[in-house]
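See structure below.
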């Protein structure tokens, strides 16, 4: 037992580390009703997953045979705890634990590692800057379920960092990536580059339930543009829609096509909702959309680098957790307000919270099913 | 001729001043393809307008027989130019001219009044804080067309203030309205109030073309919440969808129903995209949604007051124009970037601009129809 004082669970979607994991990853993804709701999901989910597996395998083969997201998350975690040990000796030593949603290390792995390390104080720290029920919400729900499944319901005292869409450190680091992206263009051309902010889309049904994601994405974009203080015009679009339902637009791919048709020659795409490179940046943005851009006459199509191991981003992560620990906050004011249209009684809960400051629960009619399921 | 040095055209939708204007107002509204596109619009537009007229008349009868938007806009204009004359003697005297879209005073009225006053330097100043092609875009296009129709194409030198979603003065004044709204609740209850920001919705087809409105609304909401620095949770929703197409959600009305069903008792609705009271605040929010809230058990449903004649808002308007005049800016960096899916060659143009600083035009393939139509 290494006697870690503060454990920080870094929650993210994750991605298949090698080609053999692609199939199982997609099966779990399309089975998760917290991220996507399909008719006859038990049958249609595996069907879609299996049908997509060969194509997705080929995409991963094209970016080196697997997702780099675990490598980057671990580098981010190392940089973060190293800084935290310096910033906050009273809560040190700190350790990070990766909890991916559909590949290992999963929530169970993180919880068991924390137990082995003697952790008592734990922070559930989402790696999605903007909150959505389909990402951070799903990860948190799974974390509490995993704690129940592993018999570790009472093992840790929890607090939550559930969103940081306009955190100063994050915005500054993200703005640096835009600056680096613009530096890929000739100085004389830089002012003419269109900034195309791209975030993962969501099905409109999720939006209509009241998911806060598009509002927070809009706020992140505005803050980056203001911090950048450059003459470039910008657009926000949404990528990666899949399946038969209608998703939030405008679609990144269609925007690229139309910018090209309009005669734009220089576009810098900025992944505003991702912190690490993964298939959506390396394959979808760089390759797929890069080819689309080329075909429609955008002669200079570039992407701002992902935050990855950028020191300023590691500073931001450490600073976020440091301020959170110092505040004694259990969760932010938005956390307990379930989407108005939410039908999932598991949403917006917390297991065994620290005795800190927390806004009062909003569900004034508690769901009787909840206690039983946790 | 009163020798006004700077004319400021305050552009807004407008509303019928009395019940007789309701029919003509709706006819013009549903005929405007820049705000709503219907199949067989020449036939279906008047049909929908006529069918809705009695109901809308009744709504206006319920709020005193007409829209107060002209009265408020004139009060805002007076407050603004009075302040501008003090702030900026070098561009004084200033005068404001109201240009509504579907009732008088229209663009023609504003232009003729400016000519009579001897104006040469003119600012087209949208009264919609967040840009949408269906509001500010439509107003600007109509302004240029009206200048052409009235033979005043070369009469003025123009610059444009096309959006101010996160302007400090606007955000501060809007935050004051939220504080005033919260003051309507008992001090002990204030922290429990859910803030429901509500903006006018848009058809999804407009969103999918790349309209910047939802991004800017999201940014406004975030800035107000941050400035407010209160423990209240908040949601953004969209109101006033009409007709057979799908609109951007979540719907304000449905959110209210669901908050009630969830057991919420206290809701403060905040109109984030309107600057004056009009039918959507006085009737839709206060009456219609107020009744809905009552029925679903929200015992305290209140609305933050509109900005109207609030001195801090008049300060903000004057400050915005003052900074604009001082900057020598023709328009902001976003103005000339047409929505990627835009099919309207009139969009994002300017007539006879001042010789100031302006980002270069983005439409590198100019539309040959444009010159002829302007």
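Residue numbers (the working numbering), protein chains in the order written: chain A, -14 to 359; chain B, -14 to 359.
The beta-carbon is built from N, C-alpha and C at its ideal position, and this holds for glycine as well.
Neighbour list for residue 151 of chain A in chain B, Cβ cutoff strictly below 8 Å
Here residue 151 of chain A refers to the residue found at position 166 when the first chain is read from its first residue. 207 and 211, listed in chain order.
Rounded to a whole number of angstroms, what is the C-alpha to C-alpha distance between residue 248 of chain A and residue -9 of chain A?
For this step, residue 248 of chain A is matched to residue 263 along the first chain. For this step, residue -9 of chain A is matched to residue 6 along the first chain. A direct Cα-Cα distance of roughly 54 Å separates residue 248 of chain A from residue -9 of chain A.
Is it a yes or a no for the region 26 to 38 of chain B touching the region -3 to 11 of chain B, going by three-plus beta-carbon pairs under 8 Å?
The answer is yes - the region -3 to 11 of chain B touches the region 26 to 38 of chain B, with three or more Cβ pairs under 8 Å.
What is the rounded straight-line gap between the Cα of residue 223 of chain A and the Cα of residue 311 of chain B?
Locating residue 223 of chain A in the first chain gives position 238, counting from the first residue. Locating residue 311 of chain B in the second chain gives position 326, counting from the first residue. Whole-angstrom Cα-Cα distance: 37 Å.
Report back the beta-carbon spacing between residue 51 of chain B and residue 45 of chain B to the nearest angstrom; my notes put them in contact at under 8 Å.
As a first step, residue 51 of chain B is located in the second chain; it is residue number 66 there, counting from the start. As a first step, residue 45 of chain B is located in the second chain; it is residue number 60 there, counting from the start. Indeed, because the Cβ distance is near 6 Å, the residues count as touching under 8 Å.
Should residue 261 of chain B go down as buried or exposed, given a rule of 16 or more other Cβ atoms within 10 Å for buried?
The residue labelled residue 261 of chain B in the question sits at position 276 within the second chain. With 16 or more other Cβ atoms within 10 Å, it is buried.
At what residue ranges does the region 282 to 336 of chain B contain a whole run of the alpha helix (DSSP H), taking only runs of 4 or more?
List check, alpha helix (DSSP H) in window: 296 to 312.
As assigned by DSSP and simplified to three states, the class of residue 220 of chain A:
Position 235 of the first chain holds residue 220 of chain A. Residue state, collapsed to three classes: strand.
Whose Cβ in chain A lies nearer than 8 Å to the Cβ of residue 217 of chain B?
Start at 1 with the first residue of the second chain, and residue 217 of chain B comes out as number 232. The answer, in chain order, is 318.
List the residues of chain B whose Cβ lies closer than 7 Å to the Cβ of residue 193 of chain A, in chain order.
By 1-based counting over the first chain, the position of residue 193 of chain A is 208. Chain B residues near residue 193 of chain A: 234 and 235.
For residue 355 of chain B, would you say it is in contact with chain A, using Cβ-to-Cβ distances shorter than 8 Å as the test?
Mapped onto the second chain, residue 355 of chain B falls at position 370. For residue 355 of chain B, the predicted structure reports a pLDDT of 39, less than 50, and the residue's modelled location is therefore unreliable. The matter cannot be settled from this model.
Opening and closing residue of the beta strand (DSSP E) in which residue -7 of chain B lies:
Within the second chain, residue -7 of chain B is the residue found at index 8, counting from 1. Residue -7 of chain B -> beta strand (DSSP E) spans -9 to -3.
Using three-state DSSP, classify residue 182 of chain A as helix, strand or coil.
Start at 1 with the first residue of the first chain, and residue 182 of chain A comes out as number 197. Of the three classes helix, strand and coil, the one that applies to residue 182 of chain A here is strand, per DSSP.
Which complete alpha helix (DSSP H) runs does the region 102 to 168 of chain A hold, if anything under 4 residues is left out?
For the region 102 to 168 of chain A, whole alpha helix (DSSP H) runs of length 4 or above, ordered along the chain, are 123 to 134 and 153 to 167.
Helix, strand or coil at residue 354 of chain B according to DSSP, with G and I counted as helix:
What you label residue 354 of chain B is simply residue 369 of the second chain in a count that begins at 1. Because residue 354 of chain B carries a pLDDT of 40, less than 50, the predicted location of this residue cannot be relied on, and no value is offered for it.
Might you give, ordered along the chain, the residues of its own chain that have their beta carbon closer than 7 Å to the beta carbon of residue 321 of chain B, omitting 5 neighbours on each side?
The residue you call residue 321 of chain B lines up with position 336 of the second chain. These residues qualify, in order along the chain: 333, 344, 346 and 347.
If we count the other Cβ atoms within 10 Å of its Cβ and call it buried at 16 or more, is residue 28 of chain B buried or exposed?
Start at 1 with the first residue of the second chain, and residue 28 of chain B comes out as number 43. Classified as exposed, residue 28 of chain B has fewer than 16 neighbouring CB atoms from the shown chains inside 10 Å of its CB.
Members of the region 73 to 107 of chain B near chain A, C-beta cut-off 9 Å:
Residues of the region 73 to 107 of chain B that bring their beta carbon within less than 9 Å of a beta carbon in chain A are absent altogether.
Closest Cβ-Cβ distance between residue 229 of chain A and chain B: below 8 Å?
Here the question's residue 229 of chain A lines up with position 244 in the first chain. Interface criterion not met: the Cβ of residue 229 of chain A is under 8 Å from no Cβ in chain B.
Where residue 435 of chain A sits in the DSSP three-state scheme:
No statement about residue 435 of chain A is possible, as the shown extent of chain A runs from -14 to 359 and does not include it.
With a CB to CB cut of under 8 Å and the five nearest residues on each side skipped, what residues in its chain are close to residue 297 of chain A?
By 1-based counting over the first chain, the position of residue 297 of chain A is 312. Shown here for residue 297 of chain A: same chain residues with a beta carbon closer than 8 Å to its own, the five before and five after excluded, namely 154, 157, 158 and 161 in chain order.
Using a Cβ cut-off of 7 Å, pull out every chain A residue sitting near residue 204 of chain B, in sequence order please.
Translated into the one-based positions of the second chain, residue 204 of chain B becomes position 219. Chain order gives the chain A residues near residue 204 of chain B as 203, 204 and 207, where near means a beta carbon separation below 7 Å.
Please classify residue 365 of chain A: is it buried, with 16 or more other beta-carbons within 10 angstroms of its beta-carbon, or exposed?
For chain A, the structure presents residues -14 to 359; residue 365 of chain A sits outside this window and is missing.
To the nearest angstrom, how far is it from the Cα of residue 325 of chain B to the Cα of residue 70 of chain A?
The residue you call residue 325 of chain B lines up with position 340 of the second chain. The residue you call residue 70 of chain A lines up with position 85 of the first chain. Distance from the CA atom of residue 325 of chain B to the CA atom of residue 70 of chain A, rounded to whole angstroms, is 48 Å.
Along the chain, where does the alpha helix (DSSP H) containing residue 189 of chain B start, and where does it finish?
By 1-based counting over the second chain, the position of residue 189 of chain B is 204. Here the alpha helix (DSSP H) through residue 189 of chain B covers 189 to 194.
Would you mind working out which of A:151, A:220, A:243 and A:199 sits nearest residue 212 of chain A, comparing C-alpha positions?
One-based indexing of the first chain puts residue 212 of chain A at position 227. The option with the nearest alpha carbon to residue 212 of chain A is A:151.
Can you give me the C-alpha to C-alpha distance between residue 214 of chain B and residue 176 of chain B, rounded to a whole angstrom?
Working through the second chain from its first residue, we reach residue 214 of chain B at position 229. Working through the second chain from its first residue, we reach residue 176 of chain B at position 191. Per the coordinates, the alpha-carbon of residue 214 of chain B lies some 11 Å from the alpha-carbon of residue 176 of chain B.
Measuring CB atoms only, is the region 216 to 230 of chain A touching the region 240 to 257 of chain B, in the sense that at least three cross pairs come out at less than 8 Å?
A contact between stretches requires three or more CB pairs, one per stretch, nearer than 8 Å, and the region 216 to 230 of chain A fails this requirement with the region 240 to 257 of chain B.
For residue 115 of chain A and residue 210 of chain B, what's the separation of their Cα atoms in angstroms?
Sequence index remark: in the first chain, residue 115 of chain A carries index 130 (1-based). Sequence index remark: in the second chain, residue 210 of chain B carries index 225 (1-based). Looking at the backbone, the Cα of residue 115 of chain A and that of residue 210 of chain B are separated by about 16 Å.
How long is the line joining the alpha carbons of residue 307 of chain A and residue 337 of chain A, rounded to whole angstroms?
Start at 1 with the first residue of the first chain, and residue 307 of chain A comes out as number 322. Start at 1 with the first residue of the first chain, and residue 337 of chain A comes out as number 352. Cα to Cα, residue 307 of chain A sits roughly 21 Å from residue 337 of chain A.
Counting along the chain, where does the alpha helix (DSSP H) carrying residue 12 of chain B start and finish?
Position 27 of the second chain holds residue 12 of chain B. First-last of the alpha helix (DSSP H) with residue 12 of chain B: 7 to 16.
When you compare the CB of residue 220 of chain A with every CB in chain B, is at least one pair closer than 8 Å?
Residue mapping note: residue 220 of chain A aligns to position 235 of the first chain, counting from 1. Taking a beta-carbon distance threshold of 8 Å, residue 220 of chain A counts as an interface residue toward chain B.
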